[in-house]
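Residue numbers (the working numbering), protein chains in the order written: chain S, 1 to 31; chain P, 32 to 113.
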């Protein structure tokens with residue numbers, strides 16, 4: 001049931017965390 | 032590395048990512064904070080809402096660091112301790 005509330009698919013969650021990780025690494029350049 | 036080492040690293044990373052979402056440093060992330068990320072992340076507003084609802088375990092409209100860390104651990108394939 002794709003319309004079921006609260007059932008975010010893993011792909012969206014993975015995309016979210018991957019994007020955050022990329023953003024974080026861009027904002028915090030390594031020394 | 033031991034299980035505790037991994038747990039510590041995951042918690043540190045989750046805290047860093049949580050702070051990207053909680054720009055006002057309130058200690059929680061609201062749906063409004065989440066929607067703010069639409070300009071910064073390649074996700075649609077409804078996808079961000081989907082992520083929020085998925086991470087917000089108790090469905091109270093506030094995403095705590097604990098809930099965020101748990102979701103991040105799940106993303107990494109780590110099962111929370113029973």
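Glycine included, every Cβ here is placed at the ideal spot set by N, Cα and C.
Local Cβ density within 10 Å of residue i, reported as buried at 16 or more and exposed below that
i: residue 14 of chain S; result: exposed
i: residue 89 of chain P; result: exposed
i: residue 54 of chain P; result: exposed
i: residue 39 of chain P; result: exposed
i: residue 6 of chain S; result: At residue 6 of chain S, the pLDDT of 46 sits below 50, so the modelled position is not reliable; the number obtained from the coordinates is stated separately. That one is exposed.
i: residue 81 of chain P; result: buried
i: residue 36 of chain P; result: exposed
The alpha helix (DSSP H) enclosing residue i, as first and last residue numbers
i: residue 85 of chain P; result: 76–86
i: residue 36 of chain P; result: 34–52
The beta strand (DSSP E) enclosing residue i, as first and last residue numbers
i: residue 60 of chain P; result: 59–61
i: residue 94 of chain P; result: 93–95
Beta-carbon spacing of residue i, residue j below 7 Å
i: residue 86 of chain P; j: residue 98 of chain P; result: yes
i: residue 66 of chain P; j: residue 12 of chain S; result: no
Top-ranked residue by Cα proximity to residue i, from the options
i: residue 92 of chain P; options: P/38, P/79, P/61 and P/70; result: P/61
i: residue 106 of chain P; options: P/32, P/35 and P/42; result: P/42
i: residue 59 of chain P; options: P/32, P/70 and P/46; result: P/46
i: residue 101 of chain P; options: P/68, P/32, P/76 and P/44; result: P/44
Integer Cβ distance of residue i from residue j, believed to fall under 8 Å
i: residue 72 of chain P; j: residue 20 of chain S; result: 7 Å
i: residue 83 of chain P; j: residue 94 of chain P; result: 6 Å
i: residue 24 of chain S; j: residue 48 of chain P; result: 6 Å
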